[in-house]
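If you count the sequence shown from 1, you need to add 81 to reach the numbering used here. Idealized CB from N, CA, C, for every residue including glycine. Treat the numbers as computed from the prediction; the structure is a model and nothing was measured.
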Amino acid sequence: MRAAWIPGLLVAIAVQSGCRWRPDREEYSRLAIPTMATVTAEDRRLWEEADEAESRMLEQGGLHRDPRLEAYLMRIVSRLLPEAIRSASASVRVHVVESSELMASAAANGAIFVSTGLLAALRNEAQIASVLGHELTHYLARHASIQQLANLETGSTVRRMHESRRLEREADEVASWLVQDAGYDLAEFERAYEIIAQAGDLSDVDAAWLSHPVPPVRMTIIRRIVEGRKSGGEVAAERYDDAMVDVLLVSADIALDRFEIDSAQETLDRHLARQPDSPRGQFLLARLIQQQDPKGEAAPAAILAFERARKGIPDDPELLRAVGLTYRKVGRREEAIEALERYLKLVPDAPDGAILRAYIEALGNS
Ligand SMILES: [Zn+2]
């Protein structure tokens, strides 16, 4: 167990002294397939707790359930696993959490969580492989129980944090080899961290036990890990956006709700580039146009997008309400009445029902 701690220590020393340091090529040979039979008693307890927490999450919802997306992420996991432990993929599953935060975490039982916000922020498969490689290492190298042990051994917060950062560095280092050996471009490993650093830092949701180094320090470590190593290899940006087409939509929707216009625009552009006629995409486009145009000068463009959306989702109440109000604003009375009446028929006790009925009456009288 102690031996596994040494490479992390070397990283710390190398960074502090500024000397050249090369990560150990064989570092990940220590990765093993954890099973209930092989782990320690402490580990088993963590595993069972993780099972319970995972079941609760599955019951409570809040996950973006998409079997096609989960299968795609699992293919990357399998590709990352070295031949000798490829069968470990049977004990891994990836859950997608609906959240605009950039989050990824690995639980002691092999459940990996990534957020829709993170998936949308990353630009290609090599980048998500970098994050998954990091989380896989936490799981396969039993970092949760190593941290737990450290927490029990010391009352010092400083030492606990030190241990936590050391494990982060180890996960980064091992991930870099997993990514390179899987044939992905290592340059994207660094870029993935740049994207994450720009947004703040990656937070490990599962846990108080993991804290990440502050971004500037971590970026220094990441650059040292990849420095001088070959780049080239697969990036797979197209395949990534194909797989993320729905996630991009979810993410654009959240961004719009938060009035994060630039982020919404970028994400929606990527979605519509893959599915130009997507009704939900067109609906979000109409909302985006309206957010960018508080004076209503671009109403015709918004209406065009609303109408394209209606072809696919004619009975979406939210859409009917929005398009009805927009028709009203531009004086298209008949169409306004039709859309708003249809909305009220679908949602008879809408909270704004009284106001909308008054609008309809006024429109009919004018
Ligand atoms: Zn981590």
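Is it buried or exposed, residue 270, if we count other Cβ atoms within 10 angstroms and call 16 or more buried?
Walking along the sequence shown from the start, residue 270 turns up at place 189. Residue 270 should be labelled buried.
Tell me, which residues are paired with residue 186 by DSSP?
Looking up residue 186 in the sequence shown gives position 105. The partner list for residue 186 (beta bridge, DSSP) reads 194.
Which residue comes first and which comes last in the beta strand (DSSP E) that contains residue 175?
Here residue 175 is taken as the residue at index 94 of the sequence shown, counted from 1. Looking at the DSSP string, the run of the beta strand (DSSP E) that includes residue 175 is 174-178.
Under the DSSP definition of a beta bridge, which residues are partnered with residue 437?
Start at 1 with the first residue of the sequence shown, and residue 437 comes out as number 356. In the DSSP output, where bridge partners are listed per residue, residue 437 has none listed.
In the DSSP output, what is residue 144 paired with across the bridge?
Locating residue 144 in the sequence shown gives position 63, where the first residue counts as 1. 178.
Considering only DSSP beta bridges, list what residue 265 is partnered with.
Position 184 of the sequence shown, counted from the start, is the residue given in the question as residue 265. According to DSSP, which records beta bridges pairwise, residue 265 is partnered with 315.
Report the option in 147, 218, 309 and 194 whose CA atom is closest to the CA atom of residue 112.
For the purposes of this step, residue 112 is identified with residue 31 of the sequence shown, where counting begins at 1. The candidate whose alpha carbon is nearest that of residue 112 is 218.
Name the residue from 141, 169, 133 and 178 whose alpha carbon lies nearest to the alpha carbon of residue 335.
The residue you call residue 335 lines up with position 254 of the sequence shown. Nearest C-alpha to residue 335: 178.
Are the segment 196-215 and the segment 317-330 touching, with three or more C-beta to C-beta distances below 8 Å?
They touch, by the three-pair rule.
When the distance is taken between beta carbons, is residue 411 closer than 9 Å to residue 388?
Residue 388 sits at position 307 when you count from the first residue of the sequence shown. Residue 411 sits at position 330 when you count from the first residue of the sequence shown. Their beta carbons are not under 9 Å apart, which means residue 388 does not touch residue 411 by this criterion.
Can you give the beta carbon distance from residue 267 to residue 311, rounded, assuming they're within the 8 Å contact cut?
For this step, residue 267 is matched to residue 186 along the sequence shown. For this step, residue 311 is matched to residue 230 along the sequence shown. Sure, about 7 Å apart at Cβ, within 8 Å.
Report all residues from its chain with a CB closer than 7 Å to the CB of residue 284; omit the five preceding and five following residues, and keep chain order.
Start at 1 with the first residue of the sequence shown, and residue 284 comes out as number 203. Caution applies to residue 284, whose pLDDT of 49 falls short of 50 and renders its modelled position unreliable; the value that the coordinates give is listed next. Result list for residue 284: 182 and 184, in chain order.
Ordered along the chain, which non-local residues of its own chain (more than five positions away) have a Cβ less than 7 Å from that of residue 355?
Residue numbering aside, residue 355 sits at position 274 when the sequence shown is read from its first letter. Same-chain partners within the cutoff: 322, 323 and 326.
Would DSSP call residue 378 helix, strand or coil?
Taking the sequence shown and counting its residues from 1, the one referred to as residue 378 is at position 297. Coil at residue 378, not helix or strand.
Could you check which residue in 430, 422 and 302 has the C-alpha nearest to that of residue 445?
Here residue 445 corresponds to residue number 364 of the sequence shown, with the count starting at 1. Of the candidates 430, 422 and 302, the one whose C-alpha sits nearest the C-alpha of residue 445 is 422.
Report the residue from 433, 442 and 337 whose alpha carbon sits nearest the alpha carbon of residue 419.
Start at 1 with the first residue of the sequence shown, and residue 419 comes out as number 338. Ranking 433, 442 and 337 by Cα distance to residue 419 puts 442 first.
So residue 278 and residue 300 are supposed to be a Cβ contact under 8 Å. How far apart are they, rounded?
Within the sequence shown, the letter at position 197 stands for residue 278. Within the sequence shown, the letter at position 219 stands for residue 300. Rounded, the Cβ-Cβ distance is 6 Å, consistent with contact.
Compute the beta-carbon to beta-carbon distance between residue 210 and residue 265, rounded to the nearest angstrom, for a pair I have assumed lies under 8 Å.
Counting from one through the sequence shown, the residue named residue 210 turns up at place 129. Counting from one through the sequence shown, the residue named residue 265 turns up at place 184. Indeed they touch by this definition, with Cβ atoms about 5 Å apart.
Taking the alpha helix (DSSP H) that residue 205 falls in, what are its first and last residues?
In the sequence shown, counting from the first residue as 1, residue 205 sits at position 124. No alpha helix (DSSP H) holds residue 205; DSSP gives it neither H nor E.
For the alpha helix (DSSP H) containing residue 225, list its first residue and its last residue.
Your numbering for residue 225 matches position 144 in the sequence shown. Element bounds for residue 225: 224-234.
Is residue 133 close to ligand 1? I mean its beta-carbon at under 8 Å from any heavy atom of the ligand.
Mapped onto the sequence shown, residue 133 falls at position 52. Every heavy atom of ligand 1 is 8 Å or more from the Cβ of residue 133, so no.
Quick check on the burial criterion: 16 or more other C-beta atoms within 10 angstroms. Buried or exposed for residue 239?
Here the question's residue 239 lines up with position 158 in the sequence shown. Residue 239 comes out exposed.
Which class does residue 340 belong to by DSSP, given the choice of helix, strand or coil?
As a working mapping, residue 340 is identified with position 259 in the sequence shown. Coil at residue 340, not helix or strand.
Is residue 58 buried or exposed, if buried means 16 or more other CB atoms sit within 10 Å of its CB?
Because the chain here runs from 82 to 447, residue 58 falls outside it and cannot be looked at.
Answer yes or no: the CB of residue 145 versus the heavy atoms of ligand 2, is any distance below 8 Å?
Only ligand 1 can be found as ligands here, which leaves ligand 2 out of the picture.
Taking the C-alpha atoms as reference points, what is the distance between residue 155 and residue 192?
Indexing the sequence shown from 1 puts residue 155 at position 74. Indexing the sequence shown from 1 puts residue 192 at position 111. Using only the alpha carbons, I get a separation of about 11 Å.
Buried or exposed, going by whether 16 or more other CB atoms sit within 10 Å of the CB of residue 139?
As a first step, residue 139 must be located in the sequence shown, where it is residue number 58. Exposed, because fewer than 16 other Cβ atoms sit within 10 Å of the Cβ of residue 139.
What is the DSSP secondary structure of residue 127, reduced to helix, strand or coil?
In the sequence shown, residue 127 corresponds to position 46, counting from 1. Residue 127: helix per DSSP, three-state reduction.
Since residue 405 is in the alpha helix (DSSP H), which residue starts that stretch and which ends it?
Reading the sequence shown from its first residue, position 324 is the one you call residue 405. Where residue 405 is concerned, the enclosing alpha helix (DSSP H) stretches over 398-410.
Do you know how far the Cα of residue 379 is from the Cα of residue 386?
For the purposes of this step, residue 386 is identified with residue 305 of the sequence shown, where counting begins at 1. For the purposes of this step, residue 379 is identified with residue 298 of the sequence shown, where counting begins at 1. The alpha-carbon atoms of residue 386 and residue 379 are separated by roughly 11 Å.
Just mark residue 115 as buried or exposed, buried being the case when its beta carbon has 16 or more other beta carbons within 10 Å.
The sequence position of residue 115 within the sequence shown is 34, counting from 1. Flag for residue 115 reads buried.
Determine the burial state of residue 186: buried for a count of at least 16 other Cβ atoms within 10 Å of its Cβ, exposed for fewer.
Mapped onto the sequence shown, residue 186 falls at position 105. Buried is the call here.
Ordered along the chain, which non-local residues of its own chain (more than five positions away) have a Cβ less than 7 Å from that of residue 303?
Position 222 of the sequence shown, counted from the first residue, corresponds to residue 303. Cβ within range, chain order: 253, 271 and 274.
Please go through the same chain and pick out, in chain order, the residues whose beta-carbon is closer than 8 Å to the beta-carbon of residue 289, but skip the five residues on each side of it.
Your numbering for residue 289 matches position 208 in the sequence shown. Below a pLDDT of 50, predicted positions are generally treated as unreliable, and residue 289, at 32, falls in that range; the measurement from the model is reported next regardless. The answer is none, since no qualifying residue turns up.
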